[in-house]
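Participant: Have a look at this one before I ask anything.
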Amino acid sequence: MKSKRCGNCGSFEITKNKVNGPFRWKDYLMVYLASPISLDQCNACGETMRKPGDSEKVDQAVEESLRSYTQFFISKILERENCKQIDLAARLGVSPEYLSSLKAGSKIPSFQTFNFLRTLAMNEGAFQVAAPENATKLAQAS
Ligand SMILES: [Zn+2]
Numbered sequence: 009m010k011s012k013r014c015g016n017c018g019s020f021e022i023t024k025n026k027v028n029g030p031f032r033w034k035d036y037l038m039v040y041l042a043s044p045i046s047l048d049q050c051n052a053c054g055e056t057m058r059k060p061g062d063s064e065k066v067d068q069a070v071e072e073s074l075r076s077y078t079q080f081f082i083s084k085i086l087e088r089e090n091c092k093q094i095d096l097a098a099r100l101g102v103s104p105e106y107l108s109s110l111k112a113g114s115k116i117p118s119f120q121t122f123n124f125l126r127t128l129a130m131n132e133g134a135f136q137v138a139a140p141e142n143a144t145k146l147a148q149a150s
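Here the working numbering runs 8 ahead of the position in the sequence shown, where the first position is 1.
Have a look at this one:
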């Protein structure tokens, strides 16, 4: 067996590890997987080494995780606010059709939309603050 060498630090201590990120994907700089995948990794510096086929495996795992985080955020917001999808779509600035495809998992949002969903899901007050009519009120008050 040919011993592998780390392209980053030159160490030969490469083993197959369970890795959950962070991975870069499209406009997402750091994605952590919902469940880790096996990849060759340098134990000295942490660099992951991708064999042929590994990049597809990473992309697939990243997409699967982003899809499930997105679906989780959306159902959490809809349940907590007891609102219609059209109300959430208005706050996100996306069409109701697009929100439906995110909810169904057939599309993955841009990082900007993902981050907004995460904020709305994690902060109870943020949903009200993001209501479109609040921008009007704020403009009228000044
Ligand atoms: Zn290394």
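Using N, Cα and C, we set each Cβ at its ideal position, and we do this for glycine too.
Any heavy atom of ligand 1 closer than 8 Å to the beta-carbon of G54?
Facilitator: Here residue 54 refers to the residue found at position 46 of the sequence shown. For ligand 1, at least one heavy atom lies less than 8 Å from the Cβ of G54.
Participant: Taking S63 as the reference, which of W33, S19, K145 and C91 has the closest Cα?
Facilitator: Along the sequence shown, read from residue 1 onward, the residue named residue 63 stands at position 55. Here the closest residue by C-alpha is W33.
Participant: Verify the contact flag: G133, CB atom, against every heavy atom of ligand 1, threshold strictly below 8 Å.
Facilitator: The count along the sequence shown starts at 1 and reaches residue 133 at position 125. No, the beta carbon of G133 sits no closer than 8 Å to any heavy atom of ligand 1.
Participant: Please state if the CB of M57 and the CB of I82 are separated by a distance shorter than 9 Å.
Facilitator: Your numbering for residue 82 matches position 74 in the sequence shown. Your numbering for residue 57 matches position 49 in the sequence shown. Contact flag unset, no.
Participant: Does the separation of the CB atoms of A138 and R99 fall below 9 Å?
Facilitator: Taking the sequence shown and counting its residues from 1, one reaches residue 138 at position 130. Taking the sequence shown and counting its residues from 1, one reaches residue 99 at position 91. In contact: A138 and R99 (Cβ atoms closer than 9 Å).
Participant: Quick check: P160 and Q120, are their CB atoms within less than 9 Å of each other?
Facilitator: Any property of residue 160 remains undetermined from this structure, which presents the chain solely from 9 to 150.
Participant: Can you tell which of Q68, A134 and C17 has its C-alpha closest to the C-alpha of N51?
Facilitator: Taking the sequence shown and counting its residues from 1, one reaches residue 51 at position 43. Selected option, being the one with the closest Cα: C17.
Participant: Give a single yes or no on whether S76 has its beta carbon closer than 8 Å to a heavy atom of ligand 1.
Facilitator: Here residue 76 refers to the residue found at position 68 of the sequence shown. Checking every heavy atom of ligand 1 against the Cβ of S76, none is found closer than 8 Å.
Participant: Taking the continuous beta strand (DSSP E) assigned at Y36, which residues delimit it?
Facilitator: Position 28 of the sequence shown holds residue 36. Looking at the DSSP string, the run of the beta strand (DSSP E) that includes Y36 is Y36 to V39.
Participant: Among F135, K111 and N28, which one has its Cα closest to the Cα of Y77?
Facilitator: The residue you call residue 77 lines up with position 69 of the sequence shown. Per the Cα distances, K111.
Participant: Buried or exposed for S46, going by 16 or more other Cβ atoms inside 10 Å?
Facilitator: Numbered from 1 along the sequence shown, position 38 holds the residue referred to as residue 46. With fewer than 16 Cβ atoms within 10 Å of its Cβ, S46 is classed as exposed.
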